[in-house]
Each structure stands twice: as C-alpha cells, then as structure tokens.
Amino acid sequence: MNVSGDDPASGPRSGTRPGRPRHRIVLVREWDAGTTGSGCCGRVGGSHHDLGSAEDFSRSRRVMHEVGEVYRRLRSDLGGSVPIEIVDPRNTAWIVPVVYRDARRRGMRRLDALREVNRATAQPAVIVDGRAIYSGSLGPPDEVVDAVHRELEIRVPDPG
Amino acid sequence: MPAFVVMFGVLGMFAVAYVVYAKYLAQKVYVLDPDFEVPAVAMEDGVDYVPTNKHVLFGHHFTSIAGAAPIVGPAIAVFWGWGPALAWVTLGTIFAAGVHDMGSLVVSVRSKATNIGTLTQWVINPRSRTLFLLIVFFLVTLVNAVFAIVIAGLFIDYPGAVIPILFEIPLAVALGYYIRRSGTGALVPSIIGVILLYLMIPVGAAYPIDIEPLAQAVGMGAETLWIILLFIYGFIVSRIAVWILLQPRDYINSHQLFIALGVIALGLLIGMDTLQGPFLNTDIEEGAPHWFPFLFVTIACGAISGFHSLVASGTTSKQLATEPDARYVGYMGALGEGSLALGAILAVTAGVAAVGLDWGELYVDFETADDNAVGYFVEGVAGFASHLLVPISIGTIFAAVVVVSFAATTMDTGIRLQRYIIQEIGGIAGIGWMKRGINISTALAVAAPLALALAPGDLAFGRLWALFGTTNQLTAGLALAVIAVWVMKRNRNPLAQVAPLAFLLVMTSYALLQNMLDFIEGRDVVLGSLNAIIAVLAAWLIVEATLALRAARRGDLEPVSQETIEEELEAQDLRR
Chain A
0 MNVSGDDPAS GPRSGTRPGR PRHRIVLVRE WDAGTTGSGC CGRVGGSHHD
50 LGSAEDFSRS RRVMHEVGEV YRRLRSDLGG SVPIEIVDPR NTAWIVPVVY
100 RDARRRGMRR LDALREVNRA TAQPAVIVDG RAIYSGSLGP PDEVVDAVHR
150 ELEIRVPDPG
Chain B
0 MPAFVVMFGV LGMFAVAYVV YAKYLAQKVY VLDPDFEVPA VAMEDGVDYV
50 PTNKHVLFGH HFTSIAGAAP IVGPAIAVFW GWGPALAWVT LGTIFAAGVH
100 DMGSLVVSVR SKATNIGTLT QWVINPRSRT LFLLIVFFLV TLVNAVFAIV
150 IAGLFIDYPG AVIPILFEIP LAVALGYYIR RSGTGALVPS IIGVILLYLM
200 IPVGAAYPID IEPLAQAVGM GAETLWIILL FIYGFIVSRI AVWILLQPRD
250 YINSHQLFIA LGVIALGLLI GMDTLQGPFL NTDIEEGAPH WFPFLFVTIA
300 CGAISGFHSL VASGTTSKQL ATEPDARYVG YMGALGEGSL ALGAILAVTA
350 GVAAVGLDWG ELYVDFETAD DNAVGYFVEG VAGFASHLLV PISIGTIFAA
400 VVVVSFAATT MDTGIRLQRY IIQEIGGIAG IGWMKRGINI STALAVAAPL
450 ALALAPGDLA FGRLWALFGT TNQLTAGLAL AVIAVWVMKR NRNPLAQVAP
500 LAFLLVMTSY ALLQNMLDFI EGRDVVLGSL NAIIAVLAAW LIVEATLALR
550 AARRGDLEPV SQETIEEELE AQDLRR
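Here it is in structure tokens:
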C-alpha cells in the first residue's frame, strides 16, 4: 500500500469560487476496452460487448472491481454532495490540469502539485482535492473510504 | 490558398454545425431528455456503469475512435483535388458521422447500453445480426491487409523508422512492467518512454534497416517479406495478454496522438504554407477511377466510420452521465475525427510543399498516388515539423513512427478481433475445432488478410483500400438503419438518418458495380470475388433497411421489451 504520509496542513480547500464544487474525488484506473488508435477499425471490446472478450482485460477488470467497491461506498456515504470521477490514467488531457489546479488551490507548491499529478496517473489511484492519497495500489475498501473521509473532513455516518 | 484559412474555415463550419445542427438533432430528432435515467445511473456499479463527467468521457471516447485510417483515405483522395476531399470530409462529418456517432450513443443509452450488433438484431430483425457479423468479418480482414501493406511500405520508404518501431515493443513492455511493479504514476515514465522512443529516431536515421538483400536471398520482394513478418508479429501479439504490450503501448500512443496533432497545427500556423494542387483535378489519366463515386468510399474514416458505432454503443454509452451529454461526446467525437482527416489533407497539400515536393509529380496518376499516399502524409508532417526547427530527415521518421504505431495497434486488435469472429462463426456453424482451437482460429485470422495482402496480380492498393472503405460504410449504413428505425418508431422525422443512409448505399453500390466491371475486364479473380461478396452484403443491407423502414412507417415493428434487454445482458454474462 502506498498511502501518502504528508500532513495536509492546508486542510480542505476553502474560498473556492461560487458554483465550483468544494471538493473533488478522482478515482483512477484503466477502462477495460480503451485503446488509443484501435477504435476506428479494429476495436476489441470488453464486458457486454459483441466483439471482444472480458477475459482479455481480466487484469484491468480486477482493479476496476476494487475501485468500483470504493466508488459505491463513497457514493453511498456522500450521495451527490461531492463529485466523484473515474478516469483512465491515459486521459492525461483531463487529469493533469484538474489535479494540478486542485492541488494548487489547496495551497501546494508547484513542484508538489506536479508530483501529485504524476501520482494521480497510477493504476489505481485515489485523489482528493488534488492530493493522491493512494497511488499504485489500494488498501481494503474500508480503509480507503475512511482515508477519503478523513481527507474530506466529513464524518462517516454511523451504520444504521 | 493559405492552409490556415482552410483549417479555420473547416473548424469554423464544425463549430457552427455543433451549435446549430447538433442542437437540432438533440432537440428534435433524438429529443435528449435531461431527466431520463441513463444506464450509467440506473445500473451504476462503479465498474462498467459509471456516470462520467462529459469532458472525461470525451477523452476516453475520442482516443478510442482516433487511429490511422483517417490519414490514409484523405491522403489518397486528394488525387481528385483537394476540393472534393475537403468537401466530403466536412459535409460527411457534419451530416453523416455526427448523426451516426451521436445516434448510436443515444439508441444504445435508450436500450440499457446495448451494443450495436445486438441492436441490429432487435431493432431490424435477427438476420441482421448475421449480416453485421459478416460485414465486420470482411471489414476486419481488409483492415488487416491494408494496414500490413501501409506499414510495409513505410518501412521500405523510411527504413530509419524500423529501429524506433522495433525499440517501441520492448520499451512498452518494460514501461508496463515498471508501472505495475513500482506502483508509480504513469505520467512521468510514459513521457520518458516517448522521449526515449524519439531519441531512437536519429539512431534509426543513422542505421536504416533495409531488408531488400534478405528478401532477395529468400527469393521475394522486400514488401512481401515485411508483410509476412508483420503477420507473424500479429499472430504472436494477438495471442499474448493485452496488458503485456497493447495496453502499455497505449500510454505512449496517447501522447503521440496529441504530439502529432500539435505538430500539424503549430507547424501550419507558423509556416503559413499554402495549398498546392488543383481544387478539382481534371487532368486524370484514362482508366483511373472517377471521384464520383470512389471519393466516398476512399474516405470512410474521417467522413463517416461504422466502427464508431461499436465504440459509442459498447463502452461510451455505459458512462454517459446525462442524455444531453450525447451531443458533446458523440457529435464532438465525430468532429474530432474529421479534424484528423483535415490534418491529413493539409499535410498532403500544404505540408509537402514545405519540403519542396511538387504536388503535380506526387499525384501524377492514380497508381502513383495510391501507392505512396501515406508517404506523402509523412513528408507533409515533416514539412510542418520543419517550421518547428525539426530537421526534415528526422521529421519524416517521426511521422512514420506515429503512423506505424497506430497502424500496428489497429493490426494487433484487428487480428485478435478476427479470431473472436471466427470462433463465433465456428460456434454458430457447430464446428468445434474452429470455436475452441485458439491456434487454428488465430491462424485463420492471419491467413485471410495475409493472402489478400500478397494476392498475385496487379493489386492496386487504392482498390483494396476502396473495398475496405466500402465495408466500413456498410457498417455505418447498418447502424444508420437501426437509428433511423428507432427514430421513426417515435414518430419523428428520420431524414437526418435516411439521407446519409441512402447516400452511402447508393455510393457504395455504384462503386461496387464500377469495381466489378473493372475486375472482370482485368480478370482479377481475387478482388473480383471479394467485391462480389461485399456487393451481396450491400444488397442484403439495402433489402433489410428498406423492409425495416417500411415496417417502422406502418408501425409493424414491435418495440424491444425491457425483459428482452435483461435476458440479453444475462446471456452475454453467461457467454463470458
């Protein structure tokens, strides 16, 4: 497990512009059938697909299910109050500016923000407000969800 | 005419089309409803069904549909002049591809994210499923054949690209291994990977690999030997797990896509090159194909590509967060593909002038044009890169590496896909060894396109490419028929689908007829037979589409029940 150990001194970011989400959670993992340059004429599909086999992507799918468990738990806890995005690590055109901006907004230095950007492109990764709290592997879902909540400073609702 | 004027003109038309026509489609034809519970929400599981930010989803969708095909077709079609090629790319993208890609997404979303192959079975009739599989079988066979020829040609014309491309294979494997083992972020290693790949370009330039002596030693031409080697590579790669090579190489390819687009756009703006060649080429030798109808099958991807319906319906529809996002993701994705084709046209008209090539000599006759079109694109991109201070000798190898990287990915996935189709056909026909024997099905998947690529006789690449374009248009036609029937069932005006459908069917049929006459006259058994099979598929599609549209107009077609959809999803799970 690779949990970031630095102290989020700045805490959850504040002072964001009206209309912008206060927090953002990004879960990073590969989509099973996403392959650049193949789609035009030779696409191999993944699950529930006519042309392809989910078995081809069994390794990705294992991570997809791990992240999926975390996603469901967070959605259940947070509802729609915090946007949660699942992104392919190859989608750097979206990940790089978003994570960098979020990291800077919470007060990280440029170099630290860039470091978080790189950590955010691991398979899998969990990023909360620009900080990659998991990068390269996940812990048990309970632990990951708790870590996200701590990062968000949101109390986990009591069961029942 | 200055190339940047053309670039901004076409991009401006795309922008207007998005604002006006895509809005019309969204409001009046597909009637996108923000309150409709999309599959990503209704079946949200965080695995396959995830409501996704539209900008994120656009990135996933666009990188999946982008490839080498929108480069090759336009580079050949400029033979008829840049005017017709540009007009078909622009109008085809706006009125055919956008409608098709967005429609495939919407119909799939309204059918619990069902893929287009199953939808043809439900919306038209069960026979159409067989038709779909057959069209895709021939499409993939032709794709693998033409891309093998493209890569072989580039390796012969630009032997400096061989070392970087060979280096890319272990590089991608090592990159994937390192990322997995270290758990590090992929961004920095993949950027280093791209840098290492491009550092091999000067090495490749210093040590070009010419296999002509080896080919002569074994009694064949260099192109033949490269094609055989490529299919041996394809056989091996399509058998190994995707995480070993295909997925890690994608980290490099995803950067290369944006680098290549950036080089074309920036180089063009800085160089202020002007378009060379005629608007309409009237100086065409006797026997060359006429632009009408061959332009419309030569440029398939870049104007309309049926394979996009597989991407839109197979994966993207499971991630659409709200139905109105279909306009942004589906229609805009088509515009992105059209922009790639635009870049190809500008490279072979303006870019080639930047490296001092004479357009009239490059496109002196059709055979010269179709044999070398991809090379012209490579030279054109090198021309644009030269404005960014990249030496032309390096720029050509850079462009060749980009094209080969994409073409090789298409071949890898194409052969793998062909194997599945052969296994499925084996299952339908009850042939056990064909269904279960992976070596045999892979060998068959390799043998068919290999035979086609090496077919004896005067096999003009352009003819083979046009047959590929025809099958791709037929795939699009089938998807458009599904969408048109879906629209008609809801008592809306299906003109937006029926017009491009009719246009495509007329043009593909006309091209097939013209081809048939030429192949008979030239006694070309191989291409003649293939053309005849595809003509039968086209006729079959016309019959099915006509019957389905008539039935939809009479209100005879039953809507697909939710139970049917549930059963199919369950059956697909069981098949896995």
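Protein chains in written order, with numbering that gives the first Met the number 0: chain A, 0 to 159; chain B, 0 to 575.
Beta carbons are placed, not taken as given, at the ideal position from N, Cα and C, and that holds for glycine.
Quantities reported herein were computed from a predicted structural model and do not represent experimental measurements.
List the residues of chain A whose Cβ lies closer than 7 Å to the Cβ of B:H54, in chain order. W93
Going along chain B, which residues have a C-beta under 7 Å from A:D55? V241
Rounded separation between B:N576 and B:E211 - CA only: Only positions 0 to 575 of chain B appear in the structure, and residue 576 of chain B is not among them; the question remains open.
Would you say B:A333 faces chain A, with C-beta separation under 8 Å as the test? Not an interface residue.
Where the alpha helix (DSSP H) through A:E65 begins and ends: 57–77
Mapping the DSSP letters down to three states, classify B:P1 as helix, strand or coil. DSSP places B:P1 in strand when its eight states are reduced to three.
Do A:V27 and A:A112 have their C-beta atoms closer together than 8 Å? no
Quick check on the DSSP output: the beta strand (DSSP E) that includes A:E84 runs from which residue to which? 83–86
Run through DSSP, which three-state label would B:T321 get? coil
Taking 8 Å as the threshold (C-beta atoms), are B:A147 and B:A452 in contact? yes
Count the other C-beta atoms from every protein chain shown that fall within 10 angstroms of the C-beta of B:R522, then say buried if there are 16 or more, exposed otherwise. exposed
Expected contact under 8 Å - CB spacing of B:G102 and B:A16 to nearest Å: Their Cβ separation, rounded to whole angstroms, is 15 Å, which puts B:G102 and B:A16 out of contact at 8 Å.
Who are A:A124's beta bridge partners in DSSP? In DSSP, A:A124 forms a bridge with A:V27, A:S134.
Excluding five sequence neighbours on each side, which residues of the same chain lie with their C-beta closer than 7 Å to the C-beta of B:I123? A480, V481, V484, E543, A547
Out of B:Q246, B:V400, B:V5, B:T315, point me to the one whose CA is closest to B:V37's CA. B:T315
Does A:E29 have its Cβ less than 8 Å from a Cβ in chain B? yes
What's the gap between the Cα of B:Y362 and the Cα of B:V535? 33 Å
Can you name the residues of chain A whose CB is closer than 7 Å to the CB of B:V46? M63, H64, G67
Please state the DSSP three-state secondary structure of B:T51. strand
Below 8 Å, can you find three or more Cβ-Cβ pairs linking the segment 305–320 of chain B to the segment 26–33 of chain B? no
With distance defined between alpha-carbon atoms, name the residue in A:V116, A:E29, A:V81 nearest to A:S57. A:E29
Name the chain A residues whose beta carbon is nearer than 9 Å to that of B:F257? T91, A92
Distance between A:P82 and A:P20 (C-alpha atoms, nearest Å): Confidence at A:P20 is low in this model, with a pLDDT of 48, below 50, so the placement of that residue should be treated as unreliable; the coordinate-derived value is given next. Between A:P20 and A:P82, the C-alpha separation is close to 7 Å.
DSSP-derived helix/strand/coil call for B:V18: It is helical.
Using a Cβ cut-off of 8 Å (strictly closer), state whether B:G184 contacts chain A. For B:G184, at least one C-beta of chain A is nearer than 8 Å to its own C-beta.
If you drop the 5 nearest sequence neighbours on each side, which residues of the same chain put their C-beta closer than 8 Å to that of B:L540? Within the same chain, B:L540 has close Cβ partners L130, I134, L473, G476, L477, A480, L504.
Own chain residues within Cβ distance below 6 Å of A:A146, not counting five before or after: I132
Span of the alpha helix (DSSP H) around B:H254: Where B:H254 is concerned, the enclosing alpha helix (DSSP H) stretches over 245–270.
Suppose contacts are defined by Cβ-Cβ distances below 8 Å. Is B:V661 in contact with B:G379 by that definition? The requested residue 661 of chain B is not part of the displayed model; chain B covers only 0 to 575.
Would B:Y23 be called buried (16 or more neighbouring beta carbons within 10 Å of its own) or exposed? exposed
Cβ of A:A146 less than 8 Å from any chain B Cβ? no
Cutoff 8 Å: A:G78 Cβ touching any chain B Cβ: no
Assess, as a yes-or-no matter, whether the segment 68–78 of chain B is touched by the segment 335–345 of chain B under the definition of 3 or more beta carbon pairs within less than 8 Å. yes
For B:T62, list the residues DSSP reports as bridge partners. Beta-bridge pairing links B:T62 to no other residue.
Closer than 8 Å to chain B by CB, A:G138: no
Quick one: is A:G189 near chain B, going by C-beta distance under 8 Å? A query on residue 189 of chain A cannot be resolved here, the shown segment of chain A reaching from 0 to 159 and no further.
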